[in-house]
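K.L.:
Just dropping this structure here.
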Amino acid sequence: MRALTYVTGIVLLSVGTTAFAGKVFDGQIKAGSYGEFINCAYPNTVKLDGRLDDLAWTVAPWQLFGAKDATVPADNDADASVKFSVCADENYLYFAAHIADDKVNSNENTKCDVWNDDSVEVYVDMGNEKANAYDINDAQITIGADTVDAKADVKTSAGILGGCVGITQGPTTETIAVGTKTNDGWDSEVAIPWKNAGWSVKLKDGLVIGFNVQYNDDDDKGGRDSKLIWSAQEVAKGEGSWNNPSLFAELRLTNMVLAVSPKGKLTSAWGALKTTR
Ligand SMILES: [Ca+2]
Ligand SMILES: [Ca+2]
Ligand SMILES: [Ca+2]
Ligand SMILES: [Ca+2]
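Heads up, the sequence shown is in the working numbering, so the first residue is 155 and it goes up one at a time.
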C-alpha cells in the first residue's frame, strides 16, 4: 500500500498544474474528450453478469476519473477511482465500471439511500435538453455495491437501485445492474433500456445524449466519505447533477461493430488497450 501511494504521488507531481487527473483509453474507436464526452459504439451486446470479460469491453474505449476528480476528493486512486466504458445495442445502453475501492461497504444504506454506501451513479439526459431541472427523460441511477452477485433482472435491480429524484426515478427506469468483487474493489455491469415509461430513443450514428458518472466512496460506515465526478464542468461548478442535467457531460453514439479482425485475430487496438490496463 505504501508503494502504491508513492507511485500515485509521482503521477500527481508529473501532471503539475493539470486540472484533472482523469485519463482516456482509446479502443477500436476513440474514447472522446475527458470529462466532456465519451464515444459509444453500437450495435454491440454484452452478457450482463457483472464480469467485464466480454469482447466488447476489451475493445471499447474507456475513461478513468480518479480520487482528485471530485468535489469531495478521496485519498488516492486506490482509495477510490473509476474506469468506465459504454457500448449499446438496439435494446440497451450498456455501462461497465472497474471500481478501485480499498474498503467495499454495502447494506448499511439501501435503496433510495444507497448513495451513502459505496455506489456508482449513472446520469442520463436522453433528450440532451440540458435543462436546469429534471424532465421525464432525465434520470439518476445509483448502483450500490449491494448489486454484487445480485440476480441480473429488472425486478431484482428495481428493489436495490437508488436515484429517487425527478420524474423517471432510478429504480423505475427498468435498469438491470449486477456486480462482482475484485482484488482492488468491485466491477459493475449495467443495462439501461432505450425505451421505458420516461423515454424512447432510436439509435442513430452521431446521436448525443447527456451522460455523467459519479462515485460515492464510504469506507467507515455512516455517510459517504468522498464524491468523485467524471463531468469536468460539474467538478468546476460544484456538485448538482442529482437535480440539474445541465451539469452532465455527453455520450456520442457511433455505428461500429467492435469485433475481431477478418483473420480472426484480435486487432492491434485491443493489444494496445491491454497493455495500458
Ligand atoms: Ca459481462
Ligand atoms: Ca475507499
Ligand atoms: Ca432531458
Ligand atoms: Ca468504500
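Idealized CB from N, CA, C, for every residue including glycine.
For clarity, every value in this text was computed on a predicted model and none was experimentally measured.
1. Going residue by residue through the stretch 212-273, where are the continuous beta strand (DSSP E) segments of at least 3 residues, counting only ones entirely within it?
2. To the nearest whole angstrom, what separates the beta carbons of D373 and D256, a pair I think is in contact under 8 Å?
3. Could you check which residue in S187, A210, V178 has the C-alpha nearest to that of L247?
4. With respect to the alpha helix (DSSP H) encompassing Q387, which residues constitute its N-terminal and C-terminal limits?
5. Can you tell me where the alpha helix (DSSP H) with T310 in it begins and where it stops?
6. Suppose the cutoff is 7 Å on Cβ atoms and the five residues either side in sequence are ignored; what does the same chain contact list for S422 look like?
7. Please return the same chain residues whose Cβ sits closer than 8 Å to the Cβ of D300, not counting the five positions on each side in sequence.
8. In whole angstroms, give me the CA-to-CA distance for Q294 and C194.
9. Please classify I290 as buried or exposed, where buried requires at least 16 neighbouring CB atoms within 10 angstroms.
10. Starting from E404, trace the beta strand (DSSP E) in both directions and tell me its first and last residue.
11. Is the stretch 239-253 in contact with the stretch 344-351, if contact means three or more CB pairs nearer than 8 Å?
12. Suppose the cutoff is 6 Å on Cβ atoms and the five residues either side in sequence are ignored; what does the same chain contact list for A413 look like?
13. Ends of the beta strand (DSSP E) at A304?
14. Tell me whether D374 counts as near ligand 2, meaning its Cβ is closer than 7 Å to at least one heavy atom of that ligand.
15. E244: buried (16+ other C-beta within 10 angstroms of its C-beta) or exposed?
16. Whole angstroms are fine: how far does the CA of A331 sit from the CA of L357?
17. DSSP puts K124 in a beta bridge; with which residues?
18. As a quick exercise: from G298, V302, K177, V362, pick the residue whose alpha carbon is nearest that of K335.
P.N.:
Taking the definition as stated:
1. With a minimum length of 3 residues, the continuous beta strand (DSSP E) runs that stay inside the stretch 212-273 are 216-219, 224-226, 234-242, 246-255.
2. About 7 Å separates the two Cβ atoms, so the contact holds.
3. The shortest Cα separation from L247 among S187, A210, V178 belongs to A210.
4. From DSSP, the alpha helix (DSSP H) with Q387 extends over 386-391.
5. Judged by DSSP secondary structure, T310 falls within the alpha helix (DSSP H) whose first and last residues are 308-312.
6. The predicted model places S422 with a pLDDT of 45, which falls under 50 and marks its position as unreliable; any figure quoted below should be read in that light. Take S422, set aside five residues on each side of it, and no residue of its chain has a beta-carbon closer than 7 Å to its own.
7. The residues are S260, N261, T264, V268, D271, I314.
8. Each residue's alpha carbon lies about 19 Å from the other.
9. Exposed, since its Cβ has fewer than 16 Cβ neighbours within 10 Å.
10. Note, E404: beta strand (DSSP E), 403-409.
11. In short, these stretches touch, since the Cβ pair count reaches three.
12. Closer than 6 Å at Cβ, skipping near neighbours: no residue.
13. No beta strand (DSSP E) contains A304, which DSSP labels as neither H nor E.
14. Answer for D374: no, Cβ out of range of ligand 2.
15. Burial check for E244: the Cβ neighbour count within 10 Å stays below 16, so the residue is exposed.
16. Between L357 and A331, the C-alpha separation is close to 21 Å.
17. Only positions 155 to 431 of the chain appear in the structure, and residue 124 is not among them; the question remains open.
18. Taking K335 as reference, the option from G298, V302, K177, V362 with the minimal CA-CA separation is V302.
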